[in-house]
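Quick note on my numbering: the sequence shown kicks off at 71 and runs consecutively.
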Amino acid sequence: MCEGPSAISGPIPPDPTLFPEYYKRPSSGKIETVRLTSARSTPRPRIGANAAHILERGQRGVVGDLLKLEGVALNPSPAKPKPAVRDFGKENVRKLREIQRRFRELEAQREHAKPAPVKALWISPKYQDVSSRVMAQLQMHVRGHTVDFVSHNAHAAGKTNLRRSQSLQNLRDKPPPSAVKGKVPQYLEQRKLQWKKEEDERRRNTPDPSVPAGHTQMSERERQETLRSLKDSRSLVSELLSLPIKADTLSVRSRRAQLDQRLSEVEEAIKIFSRDKVYVKVDS
């Protein structure tokens, strides 16, 4: 009789009834693979017996200590962290916005704290002298007696003033017109004088189109004075007459020529200044 499952492999399979636990078909191939793998014996170590001292020296020696220093600073004095760079521009903008927000909140609180203005009710001037009937009734009920409307109305009718229409009242209050029929009002006379002054001023300031370019008209007073002075220049005539007739020297002839030229100029000037208008050239 066989003591265990057969280790001989051949074309004829062994009888599964002899060892049903051994030849039991697994439900999953993966589970069977894991079971067989775990059932194997522990593999032999890859390090030989002669290398055990090398492993121990690597784990407990200087190399092991260096491997354990991973993440540990070798410098006993740790470096000081660098200060963070501050953006003062952004901080100032943030502070300004915060101040503005607080100011707006304070303004809103002040606006809410102010009492709301009450709009006055419009009252027609037509009913200024009319007494309130509701108030009178309330006062009478408070006093404890009923209202006698007949006597109340009769009493109120005697105190009511007769009110006329607004148009008649305006005509009565309006002062009578100050104008008299057939006479020009005073304000129109004043207006006419003002217009006349303005027209005269405009005419004086308006340049004369007959005046030549670069000239100005001489005033009447200056023209008369110049003409009078020219007519009074008789000394030239007397001097011309006093010259000797028979003398024919060079000096006498030159003096006579000068006097003749001067007299002709005076006569020409008298003709010019005898006109109604005299224009004088403006010095540029």
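A virtual CB, placed ideally from N, CA and C, is assigned to each residue, including glycine.
query, result
"Starting from K165 and walking both ways along the beta strand (DSSP E), at which residues does that stretch end?", "Run containing K165: none in the beta strand (DSSP E); it sits in the alpha helix (DSSP H), F158 to A183."
"Once DSSP output is grouped into helix, strand and coil, what is the label at V350?", "strand"
"In angstroms, rounded to a whole number, what distance separates the CA positions of R325 and S308?", "13 Å"
"Expressed to the nearest angstrom, what Euclidean distance is found between the alpha-carbon atoms of P255 and A339?", "54 Å"
"Roughly how many angstroms lie between the CA atoms of L263 and R273, to the nearest whole one?", "15 Å"
"Helix, strand or coil: which one does DSSP assign to Q129?", "helix"
"Which partner residues of Q287 appear in the DSSP bridge assignment?", "Y349"
"My output table needs one value for V307: the three-state DSSP class, helix, strand or coil.", "helix"
"State buried or exposed for R345, treating a residue as buried only when at least 16 other CB atoms are found within 10 Å of its CB.", "exposed"
"Would you kindly work out how many angstroms separate the C-alpha atoms of V204 and P185, rounded to a whole number?", "30 Å"
"Alpha carbon to alpha carbon, how far is L297 from G26? Give it in angstroms, no decimals.", "No answer is possible for residue 26: the residues shown for the chain start at 71 and end at 354."
"Measuring only the C-alpha atoms, how far is W265 from P282?", "30 Å"
"Do M288 and V350 count as a contact pair if the criterion is CB distance below 8 Å?", "yes"
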